[in-house]
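Visitor: The structure's right below; bear with me while I get my questions together.
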Amino acid sequence: MEEIRVRFAPSPTGKVHIGNIRAAIYNWLFARHVGGKFLLRVEDTDLERSTPEAIQVLFECMDWLGLNYDEEVFYQTKNVKRHLAVVEQLLASGHAYTCEKTSRDGKTGTVVMFKMPKEGTIEFDDIVKGHMAKKAEDIQDFAIVRSDGSPIFHIANVVDDIDQKVTHIIRGDDHVENTFKHICIFQALGAPVPKYGHLSMIVNQQGKPYSKRDGAAFVGEYREQGYLPEALFNYLLLLGWNPGDDREVLDREEMIKLFELEKVHVTAAMFDPKKLAWMNGEYIKKIPQAEFKAKVKDAAAKLLGDAAGEDAPRYGDEAWWDYLVAQIQPRTKFLNDLETSLVCFFRDDFPFDEKAVEKRLRKDGVKATLLDLVERFAKIDDWTAQTLEAMIKELSQGNGMGPWVHPIRVAVSGRGEGIGLFEMLQLLGKEKTLARLQKAADTLAL
RNA sequence: GGCCCCUUCGUCUAUCGGCUAGGACAUCUGGUUCUCAUCCAGGUAAGAGGAGUUCGACUCUCCUAGGGGCUGCCA
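Each residue of the first sequence is one higher than the last, beginning at 14 in my numbering.
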């Protein structure tokens with residue numbers, strides 16, 4: 014049986030965005046599902062707009078998402094001779110002709126045009142859109158070689174697909190009209206016409222298709238914001254496809270096993286950052302403890318920076334790290350939040366949230382409370398969350414621990430939210446806790 | 001303008017003619033809790049409009065409206 018081969022063929026004219034990368038994801042999944050080959054082709058024939066940086070960014074994003082390709086990257090510009098040879102062939106067979114033309118930007122010159130059939134219907138069965146048909150007369154002849162002699166997308170694309178033996182072309186909806194043209198080229202060349210599947214667009218919150226102008230559309234942006242590649246991958250997959258039941262969070266193996274191009278939606282889907290954020294949280298919860306610990310340590314090292322050594326609380330004590338990770342991981346939604354939630358453990362110059370200070374510390378009587386706590390805490394030898402909680406419980410006499418808990422939290426962490434207070438105090442240790450309570454009483458509380 | 005495609009809760013979607021229209025995110029309410037988050041329980045919320053086919057239509061057909069794509073010496 015013939016090997017199934019698909020390709021992702023972006024043009025490196027800007028940073029790869031989520032619409033493009035979803036096409037890559039669907040191609041990849043399709044190939045893995047059927048046991049075929051997934052190829053990467055860089056369509057860099059637009060010399061004026063293609064950049065090496067964009068190509069580099071493309072590689073990084075694909076690698077980040079785990080979109081591995083099976084053969085060496087194919088650069089379209091390296092196949093120019095073949096493109097032109099094929100054009101000669103078309104010229105000779107009467108499927109193409111030269112003509113004087115004036116371009117949009119006013120350049121006049123001789124280009125090669127592909128001659129479309131003048132009658133009949135061009136049709137194909139799109140794997141996602143179903144049967145497609147168009148009258149040949151509705152499609153005009155189109156240029157395939159520029160006046161400077163360079164091949165244009167249409168011819169380069171088709172010739173490369175022939176050369177790479179591509180069997181299924183899965184690409185964006187914006188190419189449907191091209192498909193009618195390309196089919197004619199395949200036929201003029203006597204080459205087998207591949208199967209097509211056109212993917213709907215992803216639209217932004219305004220309902221408009223994503224373009225390179227949408228800042229947040231750049232794939233790398235999500236990485237920088239602390240999204241996990243698995244979450245983005247999973248979310249993008251769900252935008253226009255579902256396994257047929259209520260499952261949404263799927264691992265890579267399940268995706269490969271369940272993915273079917275036929276079930277991909279025809280309609281455009283709106284990108285919902287909130288659901289992506291939720292998905293990210295789901296994946297963060299699933300990170301193995303050891304792996305998450307490494308991320309926490311990385312973030313800690315970054316925080317320590319120049320202050321390293323000085324503020325380091327009990328490094329090397331793995332039990333301490335494990336306890337910290339157990340507290341932090343379940344309430345982390347973005348990797349980037351780590352810095353904020355960890356800073357109070359690693360720096361004494363952590364920032365104070367002005368609102369929290371106002372609400373919890375700048376209140377009459379708080380100073381006395383804090384000073385009282387310094388005295389009481391100083392007497393505690395068994396510095397554990399349990400002991401500390403028992404002590405505050407006793408102080409509050411069942412009337413709610415709020416009046417003690419809130420000021421302490423802000424005094425030692427600078428924030429009004431975070432992990433459980435007593436766990437936090439245990440992690441900080443007695444010495445730091447006392448120092449911070451004292452400092453807050455002296456400088457912030459009333 | 002022309003050609004092509006699309007239309008279920010705010011959003012992503014399930015439904016292969018029988019629907020009291022299901023799930024997820026978001027949102028709201030209640031519970032748990034020292035905060036935030038989590039977690040648990042529950043609520044609000046949809047078939048663009050109109051004809052037709054049919055015992056029966058969200059599902060099939062047609063029309064209208066709305067949205068999108070293409071209409072380059074871009075890809």
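Where is the CB? At the ideal position from N, CA and C, for every residue including glycine.
Since F137 contacts T180 with CB under 8 Å, what's their CB separation in whole angstroms?
Guide: Going by Cβ atoms, the distance from F137 to T180 rounds to 14 Å, so no, they are not a contact pair.
Visitor: So which of F358, G411, T397, T446 has the shortest CA-CA distance to L460?
Guide: Outside the modelled stretch of the chain, which goes from 14 to 459, sits residue 460, for which no answer is possible.
Visitor: In the structure shown, what three-state DSSP assignment does R260 receive?
Guide: Coil.
Visitor: Quick one: measure Cβ to Cβ for H108 and F87, integer angstroms, because I've assumed they're closer than 8 Å.
Guide: The pair is not a contact, with the Cβ atoms about 25 Å apart (cut-off 8 Å).
Visitor: Looking only at C-alpha atoms, which of F21, Y39, V425 sits nearest to E84?
Guide: For E84, the nearest C-alpha among the options comes from F21.
Visitor: For L212 and R184, which I take to be in contact (beta-carbon distance under 8 Å), what is that distance rounded to the nearest angstrom?
Guide: 7 Å
Visitor: Do I182 and P207 come within 7 Å of each other at the CB atom, strictly closer than that value?
Guide: yes
Visitor: When burial is assigned at 16 or more other CB atoms within 10 Å of the CB, is V100 buried or exposed?
Guide: Counting every other CB atom within 10 Å of its CB across the protein chains shown gives V100 a total of 16 or more, marking it as buried.
Visitor: So the candidates are G431, I135, F347; which of them puts its Cα closest to the Cα of G239?
Guide: F347
Visitor: For H96, which residues from the same chain have a beta carbon less than 7 Å from its beta carbon, with the 5 sequence-adjacent residues on both sides left out?
Guide: P164, I168, A169, V172
Visitor: Between the alpha carbons of E237 and W77, how many angstroms are there, rounded?
Guide: Distance between the alpha carbons of E237 and W77: 12 Å.
Visitor: Report the start-end ranges of each alpha helix (DSSP H) in the region 351 to 404 that is 4 residues or longer and not cut off at the edges.
Guide: 367 to 373, 379 to 391
Visitor: Which whole-angstrom value is the C-beta distance of E304 and V262, which I expect to be below 8 Å?
Guide: Incorrect: roughly 18 Å between the Cβ atoms, too far for contact.
Visitor: Take V55 as the anchor and find which of G49, F72, A44 has the nearest alpha-carbon.
Guide: F72
Visitor: Beta-carbon separation of R360 and L316 under 7 Å?
Guide: yes
Visitor: In chain order, which beta strand (DSSP E) runs of at least 3 residues are fully inside the region 31 to 60?
Guide: 50 to 55
Visitor: Could you tell me the alpha carbon to alpha carbon distance between K288 and N217, rounded to whole angstroms?
Guide: 14 Å
Visitor: Between which two residues does the alpha helix (DSSP H) carrying Y235 extend?
Guide: 232 to 237
Visitor: Report the three-state DSSP secondary structure of A281 (helix, strand or coil).
Guide: coil
Visitor: Can you find the residues in the same chain that come closer than 6 Å, C-beta to C-beta, to M283, ignoring five residues on each side of it along the sequence?
Guide: Cβ neighbours of M283 beyond the five flanking positions: V216.
Visitor: Please name the residue in N255, F435, F166 whose C-alpha comes closest to that of T400.
Guide: F435
Visitor: Based on the DSSP output, what are the partners of P286 in its beta bridges?
Guide: For P286, which the question treats as bridged, DSSP gives no partner whatsoever.
Visitor: Check whether the region 59 to 66 touches the region 264 to 280, counting contact only when three or more Cβ pairs, one atom from each stretch, lie closer than 8 Å.
Guide: no
Visitor: Quick check on DSSP: helix, strand or coil for D324?
Guide: Because the pLDDT of D324 is 47, which lies under 50, any placement of that residue in the model is unreliable, and the number read from its coordinates should be weighed accordingly. Of the three classes helix, strand and coil, the one that applies to D324 here is coil, per DSSP.
Visitor: Quick one: residues in its chain with C-beta nearer than 7 Å to the C-beta of D154, no 5 flanking neighbours on either side, listed in chain order?
Guide: When the five nearest sequence neighbours on each side are left out, the beta carbons in the same chain lying within less than 7 Å of the beta carbon of D154 are those of M126, F127, K128, M129, in order along the chain.
Visitor: Y209 lies in the beta strand (DSSP E); which residues open and close that run?
Guide: 208 to 212
Visitor: According to the neighbour-count rule (16 or more other Cβ atoms, all chains shown, within 10 Å of its Cβ), is R373 buried or exposed?
Guide: buried
Visitor: If I follow the unbroken alpha helix (DSSP H) through D76, where does it start and stop?
Guide: 65 to 77
Visitor: Where do the ends of the alpha helix (DSSP H) carrying G415 lie?
Guide: 415 to 426
Visitor: In this structure, how does DSSP classify M147 when only helix, strand and coil are distinguished?
Guide: A quick correction: the sequence has Lys, not Met, at residue 147. In the structure shown, K147 sits in a strand (DSSP, three-state: E or B).
Visitor: Which residue comes first and which comes last in the alpha helix (DSSP H) that contains R265?
Guide: 265 to 271
Visitor: For V19 and K178, what's the separation of their Cα atoms in angstroms?
Guide: Approximately 9 Å between the Cα atoms of the pair.
Visitor: Look at the alpha carbon of I17 and the alpha carbon of T90, and state the distance between them as a whole number of angstroms.
Guide: So the alpha carbons of these two residues sit roughly 24 Å apart.
Visitor: Along the alpha helix (DSSP H) that carries V189, what are the first and last residues, could you check?
Guide: Annotation: the continuous alpha helix (DSSP H) that includes V189 extends over 189 to 201.
Visitor: Is the beta carbon of G133 closer than 7 Å to that of A149?
Guide: When the beta-carbon positions are compared, A149 and G133 come within less than 7 Å of each other.
Visitor: From what residue to what residue does the beta strand (DSSP E) around F137 run?
Guide: 134 to 139
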